[in-house]
Amino acid sequence: MMMIAKYKGNFYNYSCEKEKIDWNHNVAINCGKSYLSTRRLEKQLSGFIKRNDIMYMKIDEQSLSDIFYIEYIVGYDTDLPSIPTEWIVQDIIDEKIKVEYGLGHLPGWSACDKYTSFNLIDKDDIKSSKLQYVYTKKDGIKYSEPVVDEKRVDIDELIRVYREYWWKNL
Numbered sequence: 026m027m028m029i030a031k032y033k034g035n036f037y038n039y040s041c042e043k044e045k046i047d048w049n050h051n052v053a054i055n056c057g058k059s060y061l062s063t064r065r066l067e068k069q070l071s072g073f074i075k076r077n078d079i080m081y082m083k084i085d086e087q088s089l090s091d092i093f094y095i096e097y098i099v100g101y102d103t104d105l106p107s108i109p110t111e112w113i114v115q116d117i118i119d120e121k122i123k124v125e126y127g128l129g130h131l132p133g134w135s136a137c138d139k140y141t142s143f144n145l146i147d148k149d150d151i152k153s154s155k156l157q158y159v160y161t162k163k164d165g166i167k168y169s170e171p172v173v174d175e176k177r178v179d180i181d182e183l184i185r186v187y188r189e190y191w192w193k194n195l
């Protein structure tokens, strides 16, 4: 799950102490603090510090208008009994939707590890798709419990939103 924050009209990767979320590429000295990060030079505002190809800025949560993450969910039937038909998208690779099953290896699926298998599904085989925006703060209002805004979309829109909010594009 990647947290996203809106700051001065732009969307950024967000790491915060409360959620105990940090990026894989963030170094230990930044852990436990709230930061925005971006790779996009045009989104760099005053206060950002560059480290390699990523720009960071320590931020006070009160300065952010929105804090959220997105779950990308697709409907896909494996035709196997007792296997879910709704899947959380793990990745999108060359217009194929990657989903994982964590309770064993499914027939025809590739192994991730001892207990997990994955499949790359052609977008034409997806039966339904939806986006779940999970907000802890929206339009400047901080919620005591996360608020979910669910939107049914076609698969092309899901792919478009996935790419828009992909960590390298923020």
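Under my numbering, think of the first position of the sequence shown as 26, with each following residue one higher.
Even for Gly, the Cβ is constructed at its ideal location relative to N, Cα and C.
(request) Return the CA-CA distance between residue 24 and residue 105, expressed in angstroms with no decimal places. (result) There is simply no residue 24 to check, as the chain begins at 26 and stops at 195 in what is shown.
(message) Under DSSP, the beta strand (DSSP E) around residue 61 begins and ends at which residues?
(response) Here residue 61 refers to the residue found at position 36 when the sequence shown is read from its first residue. Unbroken beta strand (DSSP E) run through residue 61: 60 to 63.
(request) Within 10 angstroms of the Cβ of residue 154, are there 16 or more other Cβ atoms? Answer buried if so, exposed if not. (result) Working through the sequence shown from its first residue, we reach residue 154 at position 129. Flag for residue 154 reads buried.
(message) Which residue wins for smallest C-alpha separation from residue 132, given the options 147, 118 and 108?
(response) In the sequence shown, residue 132 corresponds to position 107, counting from 1. Considering only alpha carbons, the answer is 108.
(request) With distances taken Cα to Cα, identify the nearest neighbour of residue 89 among 78, 101, 164 and 65. (result) Looking up residue 89 in the sequence shown gives position 64. Ranking 78, 101, 164 and 65 by Cα distance to residue 89 puts 164 first.
(message) By DSSP's criteria, residue 167 is part of a beta bridge. Which residues make up the other side?
(response) Here residue 167 is taken as the residue at index 142 of the sequence shown, counted from 1. According to DSSP, which records beta bridges pairwise, residue 167 is partnered with 162.
(request) Please report the Cβ distance between residue 84 and residue 32, rounded to the nearest whole angstrom; I am assuming they are in contact, meaning their Cβ atoms lie under 8 Å. (result) The count along the sequence shown starts at 1 and reaches residue 84 at position 59. The count along the sequence shown starts at 1 and reaches residue 32 at position 7. The Cβ separation is near 7 Å, so the contact holds.
(message) Rounded to the nearest angstrom, what separates residue 169 and residue 160 at their Cα positions?
(response) Taking the first residue of the sequence shown as 1, we reach residue 169 at position 144. Taking the first residue of the sequence shown as 1, we reach residue 160 at position 135. Cα to Cα, the separation comes out at about 10 Å.
(request) Run through the region 131 to 161 for me and flag every whole beta strand (DSSP E) of 3 or more residues, listed as ranges in chain order. (result) 142 to 147
(message) Can you tell me which residues form a DSSP beta bridge with residue 81?
(response) Numbered from 1 along the sequence shown, position 56 holds the residue referred to as residue 81. In DSSP, residue 81 forms a bridge with 62 and 74.
(request) Specify whether the region 110 to 118 and the region 93 to 102 touch according to this definition: at least 3 beta carbon pairs, one from each stretch, less than 8 Å apart. (result) yes
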